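In our numbering, the protein residues as written are 27 to 221. One structure below.
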Ligand code: SF4
């Protein structure tokens, strides 16, 4: 796995709860996989149907196809995927303010993608994306000691979690002819479609 030079000797990170990764989001999505929907709907004590109705939309996304070793096959495919709805302000619906901090209402059960931030493949493998992320993420900007250091191996492990999730989703979708309503039977036919 080739990571960019900026992270090749490891990085320090600790979330400073500035909320910038979850607010004013004008590009990108928070992907919602079955594991996320199951744990979050349970923590909110609502059914998956209710959760989907309130919080989910479908969009098309170009998935990288990872091989059995979670390396890039250089092939991609655009398929339907579920994403979290945002408020009109482009803030995450679960974000709230407390004592000057921006906190997450579902922190304990937050989506895997949020949990892994900023250790995403697209950030850690691209110098440009890493530069853009460090510009707003206070947890990457802060001068932290070695207790908050993530080695190259630790970063790779986190990236593998993300890639494995994407690969498993892609393979499951393949089994249902890429029909998202077959993979998520609780989705309503009128689930909004984001462009
Ligand atoms: S941008 Fe960084 S420091 Fe701010 S909330 Fe997100 S992860 Fe935490």
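C-beta atoms are modelled at their ideal positions from N, C-alpha and C, and glycine is treated no differently. Values in this document were obtained by computation on a predicted structure and should not be read as measured data.
How many Å lie between residue i and residue j at the Cα?
i           : j           : result
residue 138 : residue 55  : 13 Å
residue 24  : residue 170 : Since the displayed the chain opens at 27 and closes at 221, residue 24 lies outside it and no answer follows.
residue 82  : residue 192 : 18 Å
residue 187 : residue 104 : 21 Å
residue 134 : residue 95  : 30 Å
residue 141 : residue 106 : 22 Å
residue 80  : residue 173 : 39 Å
residue 203 : residue 124 : 45 Å
residue 201 : residue 60  : 15 Å
residue 179 : residue 87  : 28 Å
residue 215 : residue 98  : 33 Å
residue 205 : residue 198 : 10 Å
residue 15  : residue 136 : The structure shown does not extend to residue 15, since the chain spans only 27 to 221, so no value can be given for it.
residue 100 : residue 76  : 38 Å
residue 208 : residue 121 : 31 Å
residue 219 : residue 196 : 19 Å
residue 113 : residue 217 : 16 Å
residue 108 : residue 78  : 9 Å
How about residue i and residue j: are their beta carbons less than 8 Å apart?
i           : j           : result
residue 33  : residue 160 : no
residue 50  : residue 116 : yes
residue 46  : residue 210 : no
residue 42  : residue 164 : yes
residue 144 : residue 129 : no
residue 118 : residue 48  : yes
residue 22  : residue 185 : Outside the modelled stretch of the chain, which goes from 27 to 221, sits residue 22, for which no answer is possible.
residue 67  : residue 132 : no
residue 14  : residue 189 : Since the first residue of the chain shown is 27 and the last is 221, residue 14 is not available in this structure.
residue 30  : residue 152 : yes
Measure the beta-carbon distance from residue i to residue j and round it to whole angstroms, keeping in mind my assumption that it falls under 8 Å.
i           : j           : result
residue 212 : residue 74  : 4 Å
residue 175 : residue 38  : 5 Å
residue 90  : residue 102 : 5 Å
residue 40  : residue 168 : 7 Å
Considering only DSSP beta bridges, list what residue i is partnered with.
i           : result
residue 57  : 109
residue 98  : 92
residue 214 : Answer is none; residue 214 lacks a bridge partner.
residue 219 : 84
residue 38  : 175
residue 103 : 89
Got a sec: is the Cβ-Cβ distance from residue i to anything in chain B below 8 Å?
i           : result
residue 158 : Looking for chain B here will not work: only one protein chain is present.
(request) Taking only runs that begin and end inside the segment 109 to 133, name each unbroken alpha helix (DSSP H) of 4 or more residues, in chain order. (result) none
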